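Heads up, the sequence shown is in UniProt numbering, so the first residue is 1 and it goes up one at a time.
All residues carry an ideal CB built from backbone N, CA and C; glycine is no exception.
These numbers come from a predicted model, not from an experiment.
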Amino acid sequence: MCKSATPPSLTFRHSLVTQITSHLTHSASREFAVKVREYPAEEVGRCLAAKRGTSGTNTWIAFFGDSNMRQKMEALTEWFLPPGLTYTYYLNDTQVTRDAFMTLFLNPSQLRPDSFDILGCRSSNEGNLNNSGGAYRRNTLVSSGNSQGGVTSKETQAERSESSQIASKDSVLKPTKDYEIRVTLLWVGEKINDQDKVPAVTRLEEWAEAKMVPDVLVIGIGKWLMNNFEQELSPYTYLATFVHYLSPPLLRLARRTRILHWAQSRLRHYNFDFSVPEAKVTKTNWRIILLNAPYTYSLPLMDGCLKHILRPTGVWYWDSTLPFNLANLKECETLMKANFSHTRLYTDHWWRCSDPHHASYETNVNEMTMLWNLLCNSYMGESPIYCCAREEVSRP
1 MCKSATPPSL TFRHSLVTQI TSHLTHSASR EFAVKVREYP AEEVGRCLAA KRGTSGTNTW
61 IAFFGDSNMR QKMEALTEWF LPPGLTYTYY LNDTQVTRDA FMTLFLNPSQ LRPDSFDILG
121 CRSSNEGNLN NSGGAYRRNT LVSSGNSQGG VTSKETQAER SESSQIASKD SVLKPTKDYE
181 IRVTLLWVGE KINDQDKVPA VTRLEEWAEA KMVPDVLVIG IGKWLMNNFE QELSPYTYLA
241 TFVHYLSPPL LRLARRTRIL HWAQSRLRHY NFDFSVPEAK VTKTNWRIIL LNAPYTYSLP
301 LMDGCLKHIL RPTGVWYWDS TLPFNLANLK ECETLMKANF SHTRLYTDHW WRCSDPHHAS
361 YETNVNEMTM LWNLLCNSYM GESPIYCCAR EEVSRP
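Written as structure tokens, this is what we have:
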């Protein structure tokens, strides 16, 4: 491969994934089934109908966290939202156009709201801000070249602000029922280092007392805590403060629904290896070194600490797709060492090798597929060879 004049083929990626899948299947065959069912958007639609017909309830998926959770939601909305529904978009409970929603959802911005919501309905009378025909598609947007692997439009920051304000003038309050699917992100970014309770936790407290709760709440936090340089253990002090506010609503919610604590994607540390000419960052400075050393060595410790703290609340720790994340990191590092870091295979959206912090898009899609298995298989009459086929948590 190293002597090839063209980028490696996709079979390079598939080989490691096949090895991981084979190992997991072989290990599980003696004790429990782990076969995963594919859920294209049309099958998700069948799941929603089956669930509604069986339990009489709609489907609500909620994410709580930073840009890693935002990208999980992005994968879900791009790949899994069923066609044939009318979708409406909300920022902080205010309906906006889809363009205004996607602008703030996909782009780093100080204007990013505390909550994002997408509702899919069979029919709607919500006014002229609705968008029909299914989920958005990434090829309608303009990709950026930043190290975070984000997506930007051609609008300037001022134009993005203006578009959101214009959309807000004709906004209406969102409905609380009569939808087929709802997807929510409660944003917890740099505010996690505040000593005060963040708005996202206040929203969890409201949900804990509400009549209807999400079918599943996915939590992913930790990396922003690593930005604290006061002392070596400061991130864990801030974590303890944050969880002090977070644990009570989680304890109440866990009695009524599933809550998953998702393992954080590991750092692509080789993008900061200044001895490698192909490294993404070429200007050495101590801030970059200090910022990324904790990510490299302390993320598993942060995950373990949070897992230990949240265990009494009934939160599930889910690291099932971490082997895929680690396989992707290993292959990206191999590509860099083989001088393929300038190729599209290294930089494109699917593997996201040049993004030091976030999981690849492929890993996110795998995670969302597993999430749909958890939500759907018990309603779809699947064979017990599929994971979660007999697992069901009733929701009031």
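Start and end residues, beta strand (DSSP E) containing residue i
i	result
CYS121	115 to 121
TYR90	86 to 91
GLN95	94 to 96
HIS244	Where HIS244 is concerned, there is no enclosing beta strand (DSSP E), although the alpha helix (DSSP H) it sits in stretches over 234 to 254.
ARG258	258 to 262
VAL213	From DSSP, VAL213 is part of no beta strand (DSSP E); its letter is neither H nor E.
TRP318	316 to 318
Reference residue i; option with closest CA among the options
i	options	result
ALA41	PRO384, GLU382, THR369 and SER378	THR369
GLU362	GLY381, LEU329, SER341 and THR334	LEU329
residue 406	ASN227, HIS342, SER55 and PRO82	Outside the displayed range of the chain (1 to 396) lies residue 406, so it cannot be described from this structure.
ARG352	GLU331, GLN110 and GLU43	GLU331
LYS192	TYR346, ALA208, ASP117 and HIS244	Residue identity check: residue 192 is Ile in the sequence provided, not Lys. It is HIS244 whose Cα lies nearest to the Cα of ILE192.
ARG258	ASP348, SER383, VAL216 and TYR346	VAL216
ARG252	HIS261, HIS269, GLY220 and VAL213	VAL213
PRO248	PHE80, VAL218, SER123 and VAL315	VAL315
MET336	PHE324, PRO323, PRO356 and THR321	PRO356
Expected contact under 8 Å - CB spacing of residue i and residue j to nearest Å
i	j	result
TRP224	GLU180	With a Cβ gap of about 33 Å, TRP224 and GLU180 do not count as contacting.
CYS376	CYS47	4 Å
LEU119	ARG182	5 Å
TYR266	LEU326	The sequence as given places Arg at residue 266; Tyr does not occur at that position. Contact flag correct, Cβ pair sits at about 6 Å.
ASP196	CYS121	Actually they do not touch by this definition, with Cβ atoms about 36 Å apart.
SER115	ARG203	6 Å
LYS51	THR59	6 Å
LEU260	TRP318	5 Å
Cβ-based burial, residue i [other Cβ within 10 Å; buried from 16]
i	result
ASN339	exposed
SER67	buried
TYR379	buried
LEU129	Note on LEU129: pLDDT 49, under 50, position unreliable in the model; no value is reported.
GLY381	exposed
GLN264	buried
ALA200	buried
THR284	Note that THR284 has pLDDT 49, beneath the 50 cutoff, so the model's placement of it is unreliable and the number below is only indicative. It is exposed - the Cβ of THR284 has fewer than 16 other Cβ atoms within 10 Å.
Residue i: first and last residue of the uninterrupted alpha helix (DSSP H) it sits in
i	result
PHE324	322 to 337
TRP207	199 to 209
ARG182	Counting along the chain, ARG182 falls outside any alpha helix (DSSP H), though it belongs to the beta strand (DSSP E) covering 181 to 187.
GLY65	Segment 59 to 65 is the beta strand (DSSP E) holding GLY65; no alpha helix (DSSP H) there.
TYR361	361 to 376
GLY53	41 to 55
LEU345	344 to 347
Heavy atom of the ligand HEM within 6 Å of residue i beta-carbon
i	result
ARG344	Absent from the structure shown: the ligand HEM. Ligands present: none.
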